[in-house]
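Residue numbers (the working numbering): 26 to 345.
Cβ atoms here follow ideal geometry from the backbone N, Cα and C, with glycine treated the same way.
Have a look at the structure below before the remarks.
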């Protein structure tokens with residue numbers, strides 16, 4: 026009987042044994058970098074000429090030899106390759122693992138986030154908003170006879186808002202069109218919530234006059250005891266950078282890019298906590314890492330290295 030290498034599924038020692046088994050995989054590649062998460066492996070290589078393509082193929086050959094030697098077979102049908110580039114003309118080259126050509130994809134979902142070739146995350150935002158609207162419609166139909174509005178809000182936060190905020194540090198949009206599209210989901214929920222609590226401005230008023238009597242969106246959020254989704258994404262980014270600074274989040278690659286600004290002269294205006302270089306394009310300016318650093322600079326006066334994230338979050342919310 027042919028037995029593949031592996032560990033008992035569902036056991037407590039399974040993850041540890043598996044990590045020990047593939048521990049040498051990170052040192053295998055000569056020309057490429059790699060990212061490991063559980064049994065998911067990503068090989069990364071900057072391609073500037075055809076020689077770089079051959080080097081990447083060489084590392085793929087090493088991976089295939091390693092898997093055969095360790096009797097740990099790869100699911101090549103699930104292996105894809107993707108090119109991230111802003112240019113229209115890219116270096117096209119076919120890659121293979123074990124004589125099987127890898128499929129080239131333009132969009133790929135990784136850990137719940139949909140990546141596209143230019144990393145605009147437009148497709149991800151559109152799909153997330155559509156999914157959130159679908160779940161919100163289900164909640165509205167399900168809770169039609171609910172009397173307790175707090176239960177409805179809990180369902181919204183657990184099932185709808187959580188989808189809109191998953192990994193938002195990566196795909197947080199800079200364009201207002203996408204911010205408004207995401208925020209529109211919560212606006213729909215708040216209108217439904219105000220209807221359920223029989224808010225005074227909505228009683229005995231024709232439907233075409235209801236919107237005219239509504240206060241601003243931020244005030245509606247306060248009535249529903251919610252914060253805007255945009256402010257919540259900003260707070261998540263600030264908490265993430267704070268976690269890197271105080272050591273509660275292990276992200277050495279991001280920490281290397283974090284340059285604390287030390288002014289040579291005392292100024293009247295408070296300088297930024299994190300130094301940010303000048304970017305040549307809006308694409309680089311709005312990239313995920315500069316974006317979270319920029320957001321942290323807006324609220325760094327509330328940060329303390331010994332402060333818990335809950336206290337920091339409370340201080341930021343009070344300043345909004």
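The three-state reading of DSSP puts residue 62 in strand, counting E and B together.
Its Cα nearest to that of residue 280, the residue 317 stands out among 249, 306, 317.
Taking the CA atoms as reference points, residue 170 sits about 36 Å from residue 196. Nearest to residue 135 by alpha-carbon distance, out of 66, 320, 35, is 66.
Cβ-Cβ separation between residue 338 and residue 255: approximately 15 Å, too far for a contact (criterion under 8 Å).
By the C-beta criterion, the stretch 134–153 is judged to be in contact with the stretch 179–197, since at least 3 inter-stretch pairs fall below 8 Å. Residue state for residue 125 is assigned as strand, using DSSP reduced to three classes. Take residue 334, set aside five residues on each side of it, and the residues of its chain with a beta-carbon closer than 8 Å to its own are 264, 267, 268, 273, in chain order. For residue 134, the enclosing beta strand (DSSP E) starts and ends at 132–135. Taking residue 165 as reference, the option from 95, 126, 141, 216 with the minimal CA-CA separation is 216.
Secondary structure note for residue 138: its beta strand (DSSP E) is the uninterrupted segment 138–141. In terms of Cβ geometry, residue 327 and residue 306 do not form a close pair [threshold 8 Å]. DSSP, reduced to helix, strand and coil, places residue 299 within a strand of the structure shown.
Distance check between residue 70 and each of 245, 79, 62 places 79 closest, using alpha-carbon atoms only. The three-state secondary structure of residue 172, taken from DSSP, is coil. Three or more beta-carbon pairs separated by less than 8 Å are not found between the stretch 123–139 and the stretch 154–162, which leaves the two stretches without contact.
Out of 315, 311, 309, 308, the CA that lies nearest to the CA of residue 300 is found in 315. For residue 186 against residue 218, the beta-carbon gap comes to about 13 Å, at or over 8 Å, which does not count as contact. In this structure residue 84 touches residue 56 by the C-beta definition: roughly 6 Å separates them, less than 8 Å. Around the C-beta of residue 211, 16 or more other C-beta atoms lie within 10 Å, and the residue is accordingly described as buried. When secondary structure is reduced to three states using DSSP, residue 202 falls in the helix class.
Of 209, 199, 202, the smallest CA-CA separation from residue 189 is found for 209.
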